[in-house]
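Here is the structure we will look at.
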Amino acid sequence: MSVSAYDEALFHKACEEIIHIEREKNGIGTLQEKTVHAVLKQFYEPELSHQEIRIGKFVADIFREEEIIEIQTRSFNSMRKKLDYFLEQYPVTIVYPIIHTKWLFWIDEETGEVSKKRKSPRTGSPYDAYYELYKIKPYLTHPNLHLCLVLIDAEEYRLLNGWSRDKKKGSTRYDRIPVKLVDEFYIGSPAEYGCVIPENLPSHFTSKDFSKAAKIPRSLAQTALNILTYIKAVSRVGKQGNSWLYQVDI
Numbered sequence: 002m003s004v005s006a007y008d009e010a011l012f013h014k015a016c017e018e019i020i021h022i023e024r025e026k027n028g029i030g031t032l033q034e035k036t037v038h039a040v041l042k043q044f045y046e047p048e049l050s051h052q053e054i055r056i057g058k059f060v061a062d063i064f065r066e067e068e069i070i071e072i073q074t075r076s077f078n079s080m081r082k083k084l085d086y087f088l089e090q091y092p093v094t095i096v097y098p099i100i101h102t103k104w105l106f107w108i109d110e111e112t113g114e115v116s117k118k119r120k121s122p123r124t125g126s127p128y129d130a131y132y133e134l135y136k137i138k139p140y141l142t143h144p145n146l147h148l149c150l151v152l153i154d155a156e157e158y159r160l161l162n163g164w165s166r167d168k169k170k171g172s173t174r175y176d177r178i179p180v181k182l183v184d185e186f187y188i189g190s191p192a193e194y195g196c197v198i199p200e201n202l203p204s205h206f207t208s209k210d211f212s213k214a215a216k217i218p219r220s221l222a223q224t225a226l227n228i229l230t231y232i233k234a235v236s237r238v239g240k241q242g243n244s245w246l247y248q249v250d251i
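Counting in our numbering, the sequence shown runs without a single skipped number right up to 251 at its last residue.
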């Protein structure tokens, strides 16, 4: 997919409203909810009357026109009870942000000094979503569940409070500040998982082939194929040595 100039403008507007206005008053990391979550909520629904709506004993991030949108920046484990309740009544779209390009800043807790930014060598991709999707695998075939994987560039602020000599290993993430909308991938049903399946796979492939084509670790490729097999986007067609052979069925 590609992001339109209109969406880029809307995203920039959401960033302006959440980051520059609020943070000028309060400073970095002082909003009650973290910035990525707040910006995406504003981007997908700028009308405040549709935000933070109580439905039963739960609160939906966005509720409009009989549809729920949940911005999930953390572990999907915590969503299960919400999904059990919401999916029986409404279509639910889970918006999951993935950091595409990241610039790191380090904050000295004692002095408050913030380091110069450093670009992280890692580039995020839609395949990163498989880590979290596995946690809600039984829900992925529900007809009311939809996914929106959002690639964004962001600045990440971390506290120098880790256990290593330079205090970076095991450090606490303070906040992430979105700076650019890179891409969106909408998955409305199991038949639309093609955006998280590499295009250059052979007709029959192993988890090693998937790992190489997607440029992800073998363990993540195995998790991906576990999910894709469950939702019937791929199927096992035999073995190659000790490895399963798969084919794409969508």
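Ideal placement from N, C-alpha and C gives every residue a C-beta, glycine not left out. Just so it is clear, the structure is predicted and the values come from calculations on it, not from any experiment.
When the alpha-carbon of Leu152 is set against those of Tyr158, Ala214, Tyr187, the nearest one is in Tyr187. One alpha carbon belongs to Leu88, the other to Thr112, and they sit about 48 Å apart. Beta-bridge partners of Ile108 (DSSP): Val115, Leu160. Exposure of Gly189 is indicated by the presence of fewer than 16 other C-beta atoms within 10 angstroms of its C-beta.
By alpha-carbon distance to Ala222, the top candidate from Tyr247, Thr102, Ile251, Gly239 is Tyr247. In this structure Glu71 does not touch Asp85 by the C-beta definition: roughly 13 Å separates them, more than the 8 Å allowed. Inter-residue distance for Ile198 and Leu226 is about 9 Å (C-alpha atoms, whole angstroms). With at least 16 other beta carbons inside 10 angstroms of its own, His38 counts as buried.
DSSP lists Thr94 as the beta-bridge partner residues of His147.
Boundaries cannot be given for Asp129, as no beta strand (DSSP E) includes it and DSSP labels it neither H nor E. Looking at the backbone, the Cα of Leu41 and that of Tyr91 are separated by about 21 Å. Distance from the Cα of Phe206 is smallest, within the candidate group Ser220, Ile217, Arg237, for Arg237. Here Phe44 is actually not in contact with Ile54; their C-beta atoms are around 17 Å apart, not less than 8 Å. Between the alpha carbons of Cys196 and Arg75 lies a distance of about 22 Å. Rounded to whole angstroms, the separation of the alpha carbons of Tyr135 and Ser220 is 12 Å.
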